[in-house]
Amino acid sequence: MDLRELYQDIILDHGRHPRNFHAMAEPSHFAHGHNPLCGDKVTVYLQLAGERIEDVSFEGRGCAISTASASLMTEILKGKTLKDAEILFGAFHANVTGGAPVAVPPELEDDSERLDLLTGVKTFPARVKCATLAWHAFEAAVHGGGLEAAAKTE
Amino acid sequence: MTALAQLREVPRTAFDPREIRREFPIFANNLGLVFLDSGASAQKPRAVIDGIAEYYRTDYANIHRGVYALSARSTDRFEAARETVRRFLNARDVSEIVFVRGATEGINLVAQSWGATFLGPGDELVISELEHHANIVPWQFLRERLGIKLVIAPIDAAGSLDLAAFEQCLTPRTKLVAITHLANVTGHVVPVQEVVRIAHAHGAKVLLDGCQAVPRLIVDVRALDCDFYVFSGHKCYGPTGVGVLYGKREILNTMPPWQGGGDMIRTVSFAETTFQDPPYRFEAGTPDISGVIGLDMALSFMDSIGRDSIQAHEEALTRYAVAQLAAMPGVKPVGAGHRQLGAVSFEVEGIHPHDLATIFDQHNVAIRAGHHCAQPLMERLGLPATARASFGIYSDEADVDALIRAVRAAQKIFGD
Chain S
91 MDLRELYQDI
101 ILDHGRHPRN
111 FHAMAEPSHF
121 AHGHNPLCGD
131 KVTVYLQLAG
141 ERIEDVSFEG
151 RGCAISTASA
161 SLMTEILKGK
171 TLKDAEILFG
181 AFHANVTGGA
191 PVAVPPELED
201 DSERLDLLTG
211 VKTFPARVKC
221 ATLAWHAFEA
231 AVHGGGLEAA
241 AKTE
Chain W
32 MTALAQLREV
42 PRTAFDPREI
52 RREFPIFANN
62 LGLVFLDSGA
72 SAQKPRAVID
82 GIAEYYRTDY
92 ANIHRGVYAL
102 SARSTDRFEA
112 ARETVRRFLN
122 ARDVSEIVFV
132 RGATEGINLV
142 AQSWGATFLG
152 PGDELVISEL
162 EHHANIVPWQ
172 FLRERLGIKL
182 VIAPIDAAGS
192 LDLAAFEQCL
202 TPRTKLVAIT
212 HLANVTGHVV
222 PVQEVVRIAH
232 AHGAKVLLDG
242 CQAVPRLIVD
252 VRALDCDFYV
262 FSGHKCYGPT
272 GVGVLYGKRE
282 ILNTMPPWQG
292 GGDMIRTVSF
302 AETTFQDPPY
312 RFEAGTPDIS
322 GVIGLDMALS
332 FMDSIGRDSI
342 QAHEEALTRY
352 AVAQLAAMPG
362 VKPVGAGHRQ
372 LGAVSFEVEG
382 IHPHDLATIF
392 DQHNVAIRAG
402 HHCAQPLMER
412 LGLPATARAS
422 FGIYSDEADV
432 DALIRAVRAA
442 QKIFGD
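Residue numbers (the numbering used here), protein chains in the order written: chain S, 91 to 244; chain W, 32 to 447.
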């Protein structure tokens with residue numbers, strides 16, 4: 091496969107200049123994600139207002155794929171509901187792991203298509219975890235029970 | 032082939048890696064493979080692969096048990112392997128050679144048998160910042176269990192062991208120094224002779240982790256005067272699942288068994304059991320017999336090439352790789368300037384090692400990217416991960432050139 095499909099310009103751009111890349115002073119939720127295989131680390135911060143994601147940011151160190159994925163995730167999730175996030179992650183996860191396709195409602199189609207930029211990892215099995223790390227950390231933050239939670243990986 | 036290319040093919044050492052490569056079927060079955068991950072595990076020569084199969088076909092039976100001729104023959108081959116290892120390490124006696132699953136098990140054996148017997152609360156154990164997790168975690172277990180103190184000898188600015196600072200770590204309570212002979216992340220050769228001298232002067236014993244050293248350096252445990260030495264078979268062209276613990280006889284004699292079972296006992300009754308002498312005391316249950324036979328073949332294979340030639344080859348190739356990488360814009364070898372052998376870690380500006388490894392893989396170049404099972408060292412170097420190229424007897428300058436081309440390809444993708 092052409093490496094250019096994996097390392098598309100938008101991914102390289104997000105990898106180099108990640109958006110929402112900062113710690114949050116008083117998050118309502120946050121979680122650490124860690125890929126012990128490569129040492130990639132990410133912390134996802136959330137400001138939830140009920141079901142609505144008021145703000146989301148992240149910090150950490152990782153490869154271009156994990157950084158770009160985290161950056162894209164924060165851009166897309168800002169202002170979404172937790173239900174939207176669940177659908178988007180479900181579709182994205184199915185896409186990169188080769189699972190059964192998940193239907194996306196029309197209002198989320200544009201966002202889902204943006205995430206499809208990362209589906210190049212599908213042919214690089216060792217890298218799927220890089221693309222999903224931030225999303226797992228997001229899930230852990232939401233469902234972790236406490237303020238702080240640790241994410242699982244694939 | 033052009034004259035220049037021919038010139039480049041001329042080996043700097045006494046053997047031609049391209050010739051040796053023919054002995055390794057993996058390369059014929061993976062044409063174009065540029066294998067630069069021998070530090071994680073080396074490929075296997077035909078002598079080992081076929082030798083193990085041949086042993087199963089002709090001489091196999093359980094050892095140390097049967098009175099029948101086949102079992103005796105199998106036992107002879109197993110014990111002949113012990114003699115090969117003794118000679119290879121220049122140990123005094125075969126009873127000093129204990130077969131284990133690998134270096135990790137060897138270190139755990141020393142921790143649980145020697146450590147648990149001779150260490151108590153307040154005793155100190157010195158390791159270094161260079162260590163692989165295998166030479167950290169077993170001692171942490173011991174710390175939790177016995178209340179010993181684990182002292183970490185620091186590295187200097189160039190990433191090599193700081194001998195002066197190491198000496199400062201030793202106190203009258205230091206009982207053991209456990210340290211690597213050759214650092215797996217940086218390829219630095221640790222001056223272990225000095226380490227042993229200093230440790231012994233302070234009354235401490237020394238365990239050396241020889242995983243990376245045994246495939247590349249001539250190791251003479253008597254000249255080193257270390258008390259324990261461990262290595263894994265699979266990194267020196269042997270099979271996985273077998274390794275060696277060397278221990279000075281007078282020390283092994285004082286150590287209790289660490290696992291109970293068959294083969295390690297002298298007499299068993301329900302009231303009392305007495306144990307064999309070393310090394311059998313430490314080899315409970317049926318061992319990885321074919322693994323030991325394979326290790327014998329691997330070490331004999333190394334001997335047939337010549338260990339001084341292997342060392343010279345690894346040294347020259349590492350120097351070449353460090354120089355080539357250092358000459359590239361945006362590329363920085365880790366810890367260059369010290370004597371390196373067999374491995375070079377490097378950073379490429381703006382490209383994470385994982386991205387490098389994926390791009391390299393598309394160019395058929397296999398390297399290790401990550402923390403190399405040495406997270407504390409990575410933390411100390413301020414690097415989340417590195418890319419590491421490591422070499423074997425089949426590696427040559429053309430492999431390094433392919434690596435350099437792959438680095439350029441990665442820079443092109445990330446630089447556009």
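C-beta: ideal position from N, C-alpha, C; glycine also.
Any C-beta of chain S under 9 Å from that of ARG298 (chain W): Note that residue 298 (chain W) is Thr in the sequence shown here, rather than Arg. For THR298 (chain W), the answer is no, since every Cβ of chain S falls outside 9 Å of its Cβ.
So that I know if they touch, is there some Cβ in chain W lying closer than 9 Å to that of ARG151 (chain S)? Yes, contact with chain W.
Stretch pair the stretch 199-214 of chain S + the stretch 111-119 of chain S: three plus CB contacts closer than 8 Å: Segment contact: the stretch 199-214 of chain S against the stretch 111-119 of chain S, fewer than three CB-CB distances shorter than 8 Å; contact not assigned.
Quick one, which of W:GLY316, W:ILE320, W:GLU281 and W:GLY373 has its alpha-carbon nearest PRO309 (chain W)'s? The shortest C-alpha separation from PRO309 (chain W) is found at W:GLU281.
Alpha carbon to alpha carbon, how far is TYR260 (chain W) from ALA244 (chain W)? Between TYR260 (chain W) and ALA244 (chain W), the C-alpha separation is close to 11 Å.
With DSSP run on the structure shown, which of helix, strand or coil describes THR148 (chain W)? If DSSP states are grouped into helix, strand and coil, THR148 (chain W) belongs with the helices.
Going by the DSSP bridge assignment, what does ALA374 (chain W) pair with across the sheet? In DSSP, ALA374 (chain W) forms a bridge with W:SER421.
Mind checking whether LEU387 (chain W) and VAL438 (chain W) have CB atoms under 9 Å apart? In this structure, VAL438 (chain W) lies closer than 9 Å to LEU387 (chain W) by Cβ.
By how many angstroms is the C-alpha of LEU238 (chain W) removed from the C-alpha of ILE177 (chain S)? Cα to Cα, the separation comes out at about 55 Å.
Would DSSP call LEU181 (chain W) helix, strand or coil? Looking at LEU181 (chain W) - three-state DSSP - the assignment turns out to be strand.
Closest residue to GLY105 (chain S) among S:ARG151, S:GLU203 and S:ALA216 (Cα-Cα distance): Considering only alpha carbons, the answer is S:ARG151.
Where does the unbroken alpha helix (DSSP H) through ILE186 (chain W) begin, and where does it stop? For ILE186 (chain W), there is no enclosing alpha helix (DSSP H), as DSSP gives it neither H nor E.
Between which two residues does the alpha helix (DSSP H) holding LYS363 (chain W) run? Element bounds for LYS363 (chain W): not the alpha helix (DSSP H) but the beta strand (DSSP E), 362-364.
At the 9 Å Cβ level, is ALA154 (chain S) part of the contact set with chain W, yes or no? ALA154 (chain S) belongs to the set of residues whose beta carbon lies under 9 Å from a beta carbon in chain W.
Using the DSSP secondary-structure output, state which residues sit across from GLY150 (chain S) in a beta bridge. S:VAL132.
Along chain S, which residues have their Cβ under 8 Å away from the Cβ of THR389 (chain W)? Near THR389 (chain W) (Cβ distances below 8 Å), the residues of chain S are LEU93, LEU96, PHE214, ALA216 and ARG217.
Mind checking the stretch 176-209 of chain S against chain W and listing, in chain order, the residues whose C-beta falls within less than 8 Å of any C-beta there? Residues are counted here when their Cβ sits less than 8 Å from a Cβ of chain W; for the stretch 176-209 of chain S the count is zero.
What is the DSSP secondary structure of ILE100 (chain S), reduced to helix, strand or coil? Of the three classes helix, strand and coil, the one that applies to ILE100 (chain S) here is helix, per DSSP.
Less than 9 Å between the C-beta atoms of ALA165 (chain W) and ASP240 (chain W), yes or no? Contact flag set, yes.
Just to confirm the assignment, what range does the beta strand (DSSP E) spanning VAL157 (chain W) have? Here the beta strand (DSSP E) through VAL157 (chain W) covers 155-159.
Please check if any C-beta of chain B sits within less than 9 Å of the C-beta of HIS265 (chain W). Absent here is chain B; the protein component of the structure consists of chains S and W.
Check for me: the alpha helix (DSSP H) holding HIS95 (chain W) runs from which residue to which? Careful: HIS95 (chain W) lies outside any alpha helix (DSSP H) and carries neither H nor E.
Are three or more beta carbon pairs between the stretch 221-233 of chain W and the stretch 200-209 of chain W nearer than 8 Å? Result yes; three or more Cβ-Cβ pairs closer than 8 Å.
Quick check on DSSP: helix, strand or coil for ILE401 (chain W)? As written in the sequence, residue 401 (chain W) is Gly, which differs from the Ile given in the question. GLY401 (chain W) falls in the strand class under three-state DSSP.
Assuming PHE332 (chain W) contacts ALA78 (chain W) (C-beta within less than 8 Å), just tell me the rounded distance between them. With a Cβ gap of about 5 Å, PHE332 (chain W) and ALA78 (chain W) count as contacting.
I'd like to know whether the C-beta of GLY129 (chain S) is nearer than 9 Å to at least one C-beta of chain W. Chain W has a Cβ within less than 9 Å of the Cβ of GLY129 (chain S).
Whole angstroms are fine: how far does the CA of LEU194 (chain W) sit from the CA of GLU40 (chain W)? In this prediction, GLU40 (chain W) has a pLDDT of 44, which is less than 50 and means its spatial position is unreliable; what the coordinates show is noted afterwards. Looking at the two C-alpha atoms, the distance is approximately 39 Å.
Residues of its chain near GLN137 (chain S), where Cβ-Cβ distance is below 7 Å and the 5 sequence neighbours each way are ignored: Excluding sequence neighbours, GLN137 (chain S) sits near MET114, PRO117, SER118, GLU144 and ASP145.
Three or more C-beta pairs under 8 Å: does that hold for the stretch 336-345 of chain W against the stretch 282-294 of chain W? Too few Cβ pairs lie closer than 8 Å, so no.
Between ARG106 (chain S) and chain W, is any beta-carbon pair separated by less than 9 Å? Chain W contact via Cβ: present.
Identify whether ASN121 (chain W) lies in helix, strand or coil by the three-state DSSP scheme. Coil at ASN121 (chain W), not helix or strand.
Look at the Cβ atom of LEU162 (chain S), then the Cβ atom of ARG204 (chain S), and state whether they are nearer than 9 Å. Yes, Cβ-Cβ distance for LEU162 (chain S) and ARG204 (chain S) is below 9 Å.
For the 8 Å Cβ check, are there 3 or more pairs between the stretch 125-136 of chain S and the stretch 408-421 of chain W? Look at the beta carbons and you see the stretch 125-136 of chain S touching the stretch 408-421 of chain W: at least three pairs across the two are nearer than 8 Å.
At least one CB of chain S closer than 9 Å to the CB of HIS383 (chain W): is that the case? At least one chain S Cβ lies under 9 Å of HIS383 (chain W).
For LYS443 (chain W), does the count of other Cβ atoms within 10 angstroms reach 16, so buried, or fall short, so exposed? Exposed, because fewer than 16 other Cβ atoms sit within 10 Å of the Cβ of LYS443 (chain W).
Which two residues bound the contiguous alpha helix (DSSP H) that contains ARG436 (chain W)? Run containing ARG436 (chain W): 428-446, per the alpha helix (DSSP H) assignment.
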